[in-house]
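The sequence shown finishes on residue 181 if you use the working numbering, and the numbering steps up by one all the way, no holes.
Data first, discussion second: the structure below is written as structure tokens.
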Amino acid sequence: VMQDEVSAYQILKVVGKTGNVDITASIARNGGLLGSSSNSDVAKIVLVDDAILKPASLSLFELETGKATSSQGSGYFTVMQESKDVVKGSFIAPLSEVRISPVTTGTASLSLVDLCLSARKEAKMDVKVAGVHKVIRETRDKVQLGDSISAQVRMVDSSLRSLPASSLNHVTLDIVSDQ
Numbered sequence: 003v004m005q006d007e008v009s010a011y012q013i014l015k016v017v018g019k020t021g022n023v024d025i026t027a028s029i030a031r032n033g034g035l036l037g038s039s040s041n042s043d044v045a046k047i048v049l050v051d052d053a054i055l056k057p058a059s060l061s062l063f064e065l066e067t068g069k070a071t072s073s074q075g076s077g078y079f080t081v082m083q084e085s086k087d088v089v090k091g092s093f094i095a096p097l098s099e100v101r102i103s104p105v106t107t108g109t110a111s112l113s114l115v116d117l118c119l120s121a122r123k124e125a126k127m128d129v130k131v132a133g134v135h136k137v138i139r140e141t142r143d144k145v146q147l148g149d150s151i152s153a154q155v156r157m158v159d160s161s162l163r164s165l166p167a168s169s170l171n172h173v174t175l176d177i178v179s180d181q
């Protein structure tokens, strides 16, 4: 606590620690016009770090929704986006979550902005939304009559990276014979 000799106030300088702080202010009275009793009051303050989002990056299939959990900060946030073309984000206060809904494939960056506190470091999240670019069948191309073969099907995005297994929940595959 710093106090100027001629000032009627004190400044509490925070040094990077978090937690609860109780600050008590007291006025001692020796009588006179205001009376002789002393008064005091307590301010209960919670010191927090800048808000953070976990995970800091997320990969989604275009038909899925995603979420990230926020911690620290004031608890009162809004989601800012450079562009709403790829995803839409919203903050759900009771759950301390950011919900992400894809609009189309691509990449986007979301920021969680604290409405009550200034931040030294922005809480950011990078989101990559992938869609089915190609379905690749991997199997032998010839089989002897009466034998059986197994086949694997892979779905890849435009960068030829395999889509997550959860994308299979949104796809129906049928086997069709050429004859």
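Each residue gets a CB set at the ideal place from its N, CA and C atoms; glycine is no exception.
Computed from a predicted structure; not experimentally measured.
Here Glu140 is exposed. Its C-beta has fewer than 16 other C-beta atoms within 10 Å. Around the beta carbon of Ile138, fewer than 16 other beta carbons sit within 10 angstroms, so the residue counts as exposed. The beta carbon of Val16 is closer than 7 Å to those of Leu49 in its chain, skipping five residues each way along the sequence.
In this structure, the CA atom of Asn32 is about 42 Å from the CA atom of Asp51.
In the structure shown, the three-state DSSP call for Pro104 is strand. Out of Ser169, Thr106 and Asp180, the CA that lies nearest to the CA of Ser85 is found in Thr106. Residue pairing by DSSP puts Arg139 in a beta bridge opposite Val155. Excluding the 5 residues flanking it on each side, Ile29 has same chain C-beta neighbours closer than 8 Å at Ser40, Asn41 and Ser42, in chain order. In the three-state reduction of the DSSP assignment, Leu97 falls in the helix class, which pools H, G and I. Across the set Ser59, Gln12, Leu55 and Ser61, the C-alpha of Leu55 shows the shortest separation from the C-alpha of Phe79.
The residues His135 and Lys136, in chain order, have a CB closer than 8 Å to that of Leu162 in the same chain once the five nearest residues on each side in sequence are set aside. Lys130 places its beta carbon 8 Å or farther from that of Ile102. Within the same chain, Gly68, Ala70, Ile102, Met127, Asp128, Val129 and Lys130 come within 8 Å of Leu60 by CB-CB distance, once the 5 residues on both sides are set aside. At least 8 Å separates the beta-carbon of Leu114 from that of Ala167.
In the structure shown, the three-state DSSP call for Ser169 is helix.
Annotation: Val178 to Lys90 spans about 38 Å, alpha carbon to alpha carbon.
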